[in-house]
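First comes the structure, then the notes that go with it.
6 protein chains.
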Amino acid sequence: MFRHTSQLQYAAKPDKPDPVYAHKLQELIGGAFGEMTVALQYLFQGWNCRVPGKYKDLIMDTATEEIGHVEMLATMVARLLEGAPATATTKAAAADPVVGAVLGGMDPQHAIVSGGGAMPIDANGYPWSGKFVVASGNLLADFQANAAAEAHGRLQTARLYQMTDDAGVRDMLQFNLARDTVHQLQWLKAIEELQADGLEPTPVAPNALFDEEKTGDAHAVWHLSDGQAGDQGGWIGTPTPNGDPITYVAEPVAQGDTGIAPPPDPKLYATYDGSRGAPASPALGTETGPMGKLKDKLT
Amino acid sequence: MFRHTSQLQYAAKPDKPDPVYAHKLQELIGGAFGEMTVALQYLFQGWNCRVPGKYKDLIMDTATEEIGHVEMLATMVARLLEGAPATATTKAAAADPVVGAVLGGMDPQHAIVSGGGAMPIDANGYPWSGKFVVASGNLLADFQANAAAEAHGRLQTARLYQMTDDAGVRDMLQFNLARDTVHQLQWLKAIEELQADGLEPTPVAPNALFDEEKTGDAHAVWHLSDGQAGDQGGWIGTPTPNGDPITYVAEPVAQGDTGIAPPPDPKLYATYDGSRGAPASPALGTETGPMGKLKDKLT
Amino acid sequence: MFRHTSQLQYAAKPDKPDPVYAHKLQELIGGAFGEMTVALQYLFQGWNCRVPGKYKDLIMDTATEEIGHVEMLATMVARLLEGAPATATTKAAAADPVVGAVLGGMDPQHAIVSGGGAMPIDANGYPWSGKFVVASGNLLADFQANAAAEAHGRLQTARLYQMTDDAGVRDMLQFNLARDTVHQLQWLKAIEELQADGLEPTPVAPNALFDEEKTGDAHAVWHLSDGQAGDQGGWIGTPTPNGDPITYVAEPVAQGDTGIAPPPDPKLYATYDGSRGAPASPALGTETGPMGKLKDKLT
Amino acid sequence: MFRHTSQLQYAAKPDKPDPVYAHKLQELIGGAFGEMTVALQYLFQGWNCRVPGKYKDLIMDTATEEIGHVEMLATMVARLLEGAPATATTKAAAADPVVGAVLGGMDPQHAIVSGGGAMPIDANGYPWSGKFVVASGNLLADFQANAAAEAHGRLQTARLYQMTDDAGVRDMLQFNLARDTVHQLQWLKAIEELQADGLEPTPVAPNALFDEEKTGDAHAVWHLSDGQAGDQGGWIGTPTPNGDPITYVAEPVAQGDTGIAPPPDPKLYATYDGSRGAPASPALGTETGPMGKLKDKLT
Amino acid sequence: MFRHTSQLQYAAKPDKPDPVYAHKLQELIGGAFGEMTVALQYLFQGWNCRVPGKYKDLIMDTATEEIGHVEMLATMVARLLEGAPATATTKAAAADPVVGAVLGGMDPQHAIVSGGGAMPIDANGYPWSGKFVVASGNLLADFQANAAAEAHGRLQTARLYQMTDDAGVRDMLQFNLARDTVHQLQWLKAIEELQADGLEPTPVAPNALFDEEKTGDAHAVWHLSDGQAGDQGGWIGTPTPNGDPITYVAEPVAQGDTGIAPPPDPKLYATYDGSRGAPASPALGTETGPMGKLKDKLT
Amino acid sequence: MFRHTSQLQYAAKPDKPDPVYAHKLQELIGGAFGEMTVALQYLFQGWNCRVPGKYKDLIMDTATEEIGHVEMLATMVARLLEGAPATATTKAAAADPVVGAVLGGMDPQHAIVSGGGAMPIDANGYPWSGKFVVASGNLLADFQANAAAEAHGRLQTARLYQMTDDAGVRDMLQFNLARDTVHQLQWLKAIEELQADGLEPTPVAPNALFDEEKTGDAHAVWHLSDGQAGDQGGWIGTPTPNGDPITYVAEPVAQGDTGIAPPPDPKLYATYDGSRGAPASPALGTETGPMGKLKDKLT
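Protein chains in written order, with my numbering: chain G, -19 to 279; chain V, -19 to 279; chain S, -19 to 279; chain P, -19 to 279; chain X, -19 to 279; chain B, -19 to 279.
Listed below in structure tokens is the structure:
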């Protein structure tokens, strides 16, 4: 269960309204790596976590903080939209290029749809989607995704930091940058901890299948583009997290058969010249098992 | 420019058709971490890469291979659908529970829409989306996302491996598992290389802003959920990639003001009791600059 | 800022795992009227609310509770998935129709993607979208949408209640039904309060434009389908919230001109026979204003 | 079956082209509360309506009218785009700020994709989605959603009305405002009628479950945010549509167990320390019923 | 403006309910080539059509008919869902494999969301999208898309025809097949008419640019996959609609430069080794034009 | 399997950066008819193709070329973004209208998300979707869709050609126009070839059902809009591809029953007055078949 405090985690006070910047700042709310993503991603990871204790607690602490980050950004966007020329006409915009520049750079839905408030969308007006959430139940795979999400979040925040010189906005973004730093660091440390605790090895997952995978194909980079430097990186020939070094196949050869779809079911009306016979029949499961035998007896 | 060889990178021959498994295998084609995602993700990263040489070449080698993985999986799906009871009626399905189980587990669009072939969708029929692609121009942030994508791809492949005992399908998946292993290893090694080359430090990005971020907030986990073990992980008190250890704020206090949206523009008809005055006016840019001055002179 | 308590708002313990029901229950998490929608909808309404005090507090109280409802449902889904035959093969499913029925009714992504946990998707695997959120800044319009959302939420919960006889699941849903009842009632009462407080009249919005709208068209139902009973409802002839009764136009006549698109710009290559002349030119704003005059002087 | 008259329901003639306004007007065509939404929403409600007579006739009359509203708006958009500087280059736009403002405010797809015509998208270019349609079969829940949709439609129309001073556009919007008024009024009246007819009571739905829901939790607002005015509204202590007044729980206590996901299936490779045993097994339905018994006999 | 007749264009009466088939039939309502697509596609084409007379009339006649097709299919789906075991529990489904097969094959939202009615979604529950509509203003390009849409619509209808033996359903589908036939034929004939009328030539569009395109590249198939039969089709060497025959480049050579992204803006924090200098500056338009000159004078 | 050459198929070198044009050019990358669509569409058609030889080879040759077109366009976009005022503030944009026009016309995500590179999105920021792919297995239906896609691709390229006077950009687009011409021609020729080879007749598909469709309804245009010229086209009365001429029904009459949804399941809580009895019961398949008989014996 959750509780809410009206006070923001950190101040969100711009010096001056700036509706064009509000438009851009939506990326940090509803973008693929915005605060809605990390909030919901950590919540679902926490709710799906099977290990009580330090990992689950770290996840839930961070998840709960991120809801508050959405709140800070939503408040900031509303304040940046204060007094915006949202209802100015095209004629007014065309008569004064300065108004025109501001109107042209606004998100029109900030006026028409939300009436001056933030929305769960990104800087291009694309809505936040549940597909942005990564929560697999495997903590190592998920923490790698978390570290990547915080890296992209911090990168986008840094870019947006350069696009304003409003002291109030910059003050808040300095806080956001710092939180992205610690969250990124904590997920990288937690990745080490998972391995130290013997819960998950690298590479992810699952090592139990190492014996079954084609081990001969598990350490070779295939050279399939004509750049000549792919084998000059430190990644070739030095030990990897699971021991064996990576090798380089300079002239790779396709190992498979000629890819061709099988003969089709005539009732599906796919184009077919009959050259390769009729489709195999029947599919797995439609002819065998106790039910098949039973049906014979009953009919 | 690209060229194509009809031979598959590795054989994709099931022992027997299995339309229910074909439905599930779609996740590896069009899912958020399917082969379409890594293929397109690496292509856009490669095309946007500003560093000629080993990094770009590694990205393009891998990107090109992944297009071939979509091809292998698409071929496998078509072969698993051969002879499927796709056109059987509900009456037939109800009369024979074995047929019913197969029909109920199929993707109906595999019959109605694609006529027995693979589609660019996931295991729930959701279409592949350009939003799955991560390509920021920052190689460290992108390689972290790549390592995470390969981790999830290998995890999902491992789960799907357990859901079949068809020797032909398993043979191909053993190859896929191995390729996911080497790709995961290579991105982790390339992350080290970027730092060794002095191109990007950890944490991502950009360190140039470390002096500006709120450094006091850059290393503290805030305790906002009531689990008591969040400070018992190795992540507290030990050095991090950028030096300072992470601390733990057991009783955090909100530092911001009370979050409230500002007075609204009356023409937007937001509900408002007037208690907090009229909106600030005008917004940034609508009153200043040479154009403002110019307009005064002209009118 | 938000805080989290590990204890659920209400118990979420099924008597027995039921992965087919978990599939259906996803509708209440990530569906258009699921708990994610009401949680985020109320949060954005609260953050955008311009009226400090009772309305904002009611919104934030309810918003915060709804995050906890997502938590309860996510926990319930994970528990319903315990021990599911998620990794059984098609052969196993076909050999035992009971297993087949369970596997056929599961969401395959509950195994492949989330590894036994809930996801931010609906009962058809479609992801939750920011487009489900309604937050306009106008409290009357928003509270009507809230009442409708709670009505649909309660209706869907009631339908799902009928689809299980698991006592633990039903116990939780009885709590959810009750919460949907009170939330629905509170929004209906708050609609009355807004009007009693003189903040918003009915119909929504804004009454300030009543004098400008075509008042002659503001109270007439047009008879455009051939059913004969459209004028037999109590809605015809009796007073409405804004006074005048609704009338019925039995034989409506189109009042507009013939709808036809204007002559096209030749460079856009739309098909055109030239019969209606050249396009009007230029568009609003491209010929007038101080800049137009200025440009003349400078060139 | 439908028939079409070339004459528009009401005139859609702008005084002058205005491509920037055409961009904004798309919200009323393809937005979440645009005319496509109400048209399709009412059509699906009408087609799914189980009550022949006045309700179904009112729905179908209104649905049919709304198709004509999409037509009016699409015609208006095409006319607003006449003579737009759609094919002007960036150089031209930069050389003349007035042209620049118009080009910057246009939807680029109005030139590239539709060649000067309207599209089924909103003011941010997001396509209309079937998810915007609400049609549950329960008329009370649906009519509440209809009233909310008309409220938001009228609100957005009123905002757009303020963003133009073109007399022709305003003339059409005055008609649209009026139609939104009567439709909003009619759904509110029809909600009363449903209750007067004894078909549906408030709150929605279904009252048959009132005895089963947790009645102790059906009338209490939980205080979960720290605003202090949530109990000062008229909604506390006064009778509600279903009788009992709403109460206020000032210091609510979580009633559930600690939310934790159950032990996972090892083959799904979720991270787990084994501390809570193996997963329950088997799931509902995979061990019982006549087929289970039968299988025993046959094998 | 539109009018509606309660009578369906053609009868939609199944002999017997079949909820599994209703699930599949959704593809013809809300799929990419379903009736909603052709209805809305033709409506937008008609509203955007610049040529009054026979073309516009044909488009509007067909568009209006297609709305009635959505109606027929929606009615059929509701009737196929009558008496469905929609509220049966998993226990009931597992105890009776026949019920299990039906429940497993249903769309769960047909019970939970629509309460027994059709929805604007496809056979996998994906919502209809405005992106399915093709309306470019160029009638030749649009009519080709229309012919393709009717071809796919008829193909899917034919596949669905094979999946039922219900005489009532088949009767309606025989009507739908026939309508798809005539619509397909009419668009193919209208393509000829456009050319006969001299309004649009083949290939689409626009021929006015033939002199500017790289004519040397306008008739050659490049051999980029290793299949050896690409030059054995009748398409090589015989006249084409615009005269010149298609040739075959057996060993094509890339004609471009090495693709590499340019030096990045340092403030965007893309990874860059500086090897290729600083970014070009400034971009088009930011240094020239009357405003640039003016700014110099004013400052 | 695929291989990659670093050299582009054709040069992609703009004379000068132009970030506003880069924004528009995204339509050709990630739009509904952009290069990603044709690349993936042809790949899936090729992988699903059942006819080895000339058709499959033509498809794979073209598919492989189109991946290279995405590469050319992505490179062009990155180069057009070089030195863009991406990190300029609103204040700077407002102070200099020329900068303002450029900033207002840019895609903000080109700075915030991709850091100066192309993205898999269209000119409105909507992501590329798997739903854009058409691949049915029926080559005639697919080739018609291919011809339409190339027509729209060429049309959009021609429109974009008019929106720039940059010689480098125009040089590349002249190549693209030419490739769209030959691809369009080749699909039109391949449509003829399919018929010449006797593999598929017109109209698509499948002719095997001609005897079963309502032949009386297969050649008549229904007059449902009031335009009077629908019967004046050459499409009326002249032979069609399958022989019989199209006729015109000037005063069509609905042939079906009154469309009304059947009585609902009470547990789904749809509004119903009981006037039409109880729902039919049970649905197809839930009462018959060997399992029904078997269940009787066992219980």
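Glycine residues also receive a C-beta, built at the ideal position from the N, C-alpha and C atoms.
Beta bridge counterpart(s) of residue i as assigned by DSSP
i: G223/B; result: T220/B
i: T238/G; result: Q(-13)/V
i: F(-18)/X; result: H(-16)/P
i: S255/V; result: Bridge partners of S255/V: none, in fact.
i: S116/V; result: For S116/V, which the question treats as bridged, DSSP gives no partner whatsoever.
Minimum Cβ-Cβ distance from residue i to chain S less than 7 Å
i: A115/P; result: no
i: G269/V; result: Low confidence applies to G269/V: its pLDDT is 49, below 50, so where it sits in the model is not reliable enough to give any reading.
i: H264/G; result: Checking the sequence, you will find Leu at residue 264/G rather than His. True, the Cβ-Cβ gap to chain S drops below 7 Å.
Where residue i falls, given that 16 or more other Cβ within 10 Å makes a residue buried
i: L116/G; result: Just to set this straight, residue 116/G is Ser in the shown sequence, not Leu. S116/G is buried by the Cβ-count criterion.
i: V78/B; result: buried
i: T227/B; result: exposed
i: G14/G; result: buried
i: A158/P; result: buried
i: V149/G; result: buried
CB contact below 7 Å: residue i versus chain G
i: L283/B; result: There is simply no residue 283/B to check, as chain B begins at -19 and stops at 279 in what is shown.
i: Y252/P; result: yes
Range of the contiguous beta strand (DSSP E) that encloses residue i
i: V233/B; result: Segment: none, V233/B is in no beta strand (DSSP E) and carries neither H nor E.
i: A12/B; result: Neither: A12/B is in no beta strand (DSSP E) and is coded neither H nor E.
i: V283/V; result: Shown here, chain V extends from -19 to 279; a query on residue 283/V therefore has no answer.
Span of the alpha helix (DSSP H) around residue i
i: V78/S; result: P77 to G85
i: L264/X; result: No alpha helix (DSSP H) holds L264/X; DSSP gives it neither H nor E.
i: K169/G; result: A147 to A176
i: F123/S; result: L119 to Q142
i: T55/G; result: K34 to L60
i: A98/S; result: Note, A98/S: premise wrong, no alpha helix (DSSP H); not H, not E.
i: Q89/B; result: Q89 to I92
Cutoff 7 Å: residue i Cβ touching any chain P Cβ
i: D206/B; result: yes
i: D77/B; result: Checking the displayed sequence, the identity of residue 77/B turns out to be Pro instead of Asp. Yes, P77/B counts as interfacial toward chain P.
Chain V within 7 Å of residue i, Cβ atoms only
i: A73/S; result: yes
Below-7 Å beta-carbon distance, residue i vs any chain D residue
i: A2/V; result: The question asks about chain D, but that chain is absent: this structure's protein chains are G, V, S, P, X and B.
Select from the stretch 142 to 174 of chain G all residues with a C-beta closer than 9 Å to any C-beta belonging to chain X, and list them in chain order.
-> When CB distances to chain X are screened at a threshold of 9 Å, the residues of the stretch 142 to 174 of chain G falling below it are Q142 and M143, in chain order.
Interface residues of the stretch 81 to 108 of chain S facing chain X [CB-CB below 8 Å] = Result list: A81, V82, G84, G85, D102, A103, N104, G105 and Y106.
Taking a Cβ distance cut-off of 8 Å, strictly less, list which residues of the stretch 58 to 73 of chain S are near chain G, in chain order.
-> If the cut-off is 8 Å between Cβ atoms, the stretch 58 to 73 of chain S has A58, T70, K71 and A73 near chain G.
Determine which residues of the stretch 202 to 234 of chain V have a Cβ less than 7 Å from any Cβ of chain S, and write them out in chain order.
-> Cβ contacts with chain S: L204, S205, D206, G207 and A234.
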